[in-house]
Amino acid sequence: MEIVILAVVMLLLLLLIKEVIQPLHALISVMFSFLLFSMLFSALFLPFIKQLLETLAFLPYAKAVVVSASLFYIGQWVSMLLIEQNYKVLGNIVNDGVKIVILGYWFKEFLAVLQEVSAILQRLN
Numbered sequence: 002m003e004i005v006i007l008a009v010v011m012l013l014l015l016l017l018i019k020e021v022i023q024p025l026h027a028l029i030s031v032m033f034s035f036l037l038f039s040m041l042f043s044a045l046f047l048p049f050i051k052q053l054l055e056t057l058a059f060l061p062y063a064k065a066v067v068v069s070a071s072l073f074y075i076g077q078w079v080s081m082l083l084i085e086q087n088y089k090v091l092g093n094i095v096n097d098g099v100k101i102v103i104l105g106y107w108f109k110e111f112l113a114v115l116q117e118v119s120a121i122l123q124r125l126n
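See below:
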């Protein structure tokens, strides 16, 4: 509930800043967005991810899927924020960078499985 109240206070401050100090509005709105996102991330998102990982611990690739989805979600948010601030190129770079990080993470998982399969095939020969 405190996050909703804080978001309303931030919105009121942003409206005030937009009317009084128009040139600083974009800068302060980005700062407020990151502050609110960090609060949401630490108060809601991170505990939810931890609980989800504990619940799905018996599945072999649950951690990889949850980490990939979380990284993708965060990347999409940052990319959207950059695009809204007219930094479309940077937004696309962030989006592509997150996808490359996710592919690198899955590539490590794939290599471990590939090594196990290769070891099994070598034993069969």
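Residues 2 to 126 (the numbering used here) are what the sequence shown spells out, left to right. Each residue gets a CB set at the ideal place from its N, CA and C atoms; glycine is no exception. Computed from a predicted structure; not experimentally measured.
- DSSP, reduced to helix, strand and coil, places Asn87 outside both helices and strands of the structure shown, so it counts as coil.
- The beta carbon of Ala63 sits closer than 6 Å to those of Leu57, all from its chain and outside the five residues before and after it, given in chain order.
- Rounded to whole angstroms, Val10 and Gln23 show a C-alpha spacing of 18 Å.
- About 11 Å separates the beta carbons of Ile6 and Met40, which is beyond the 8 Å limit, so they are not a contact pair.
- Judged by their CB atoms, Val95 and Gly76 are nearer to each other than the 8 Å cut-off.
- Residue burial is scored here from C-beta neighbours: Leu83 has at least 16 other C-beta atoms within 10 angstroms and is therefore classed as buried.
- Val79 counts as buried, since no fewer than 16 other beta carbons sit within 10 angstroms of its beta carbon.
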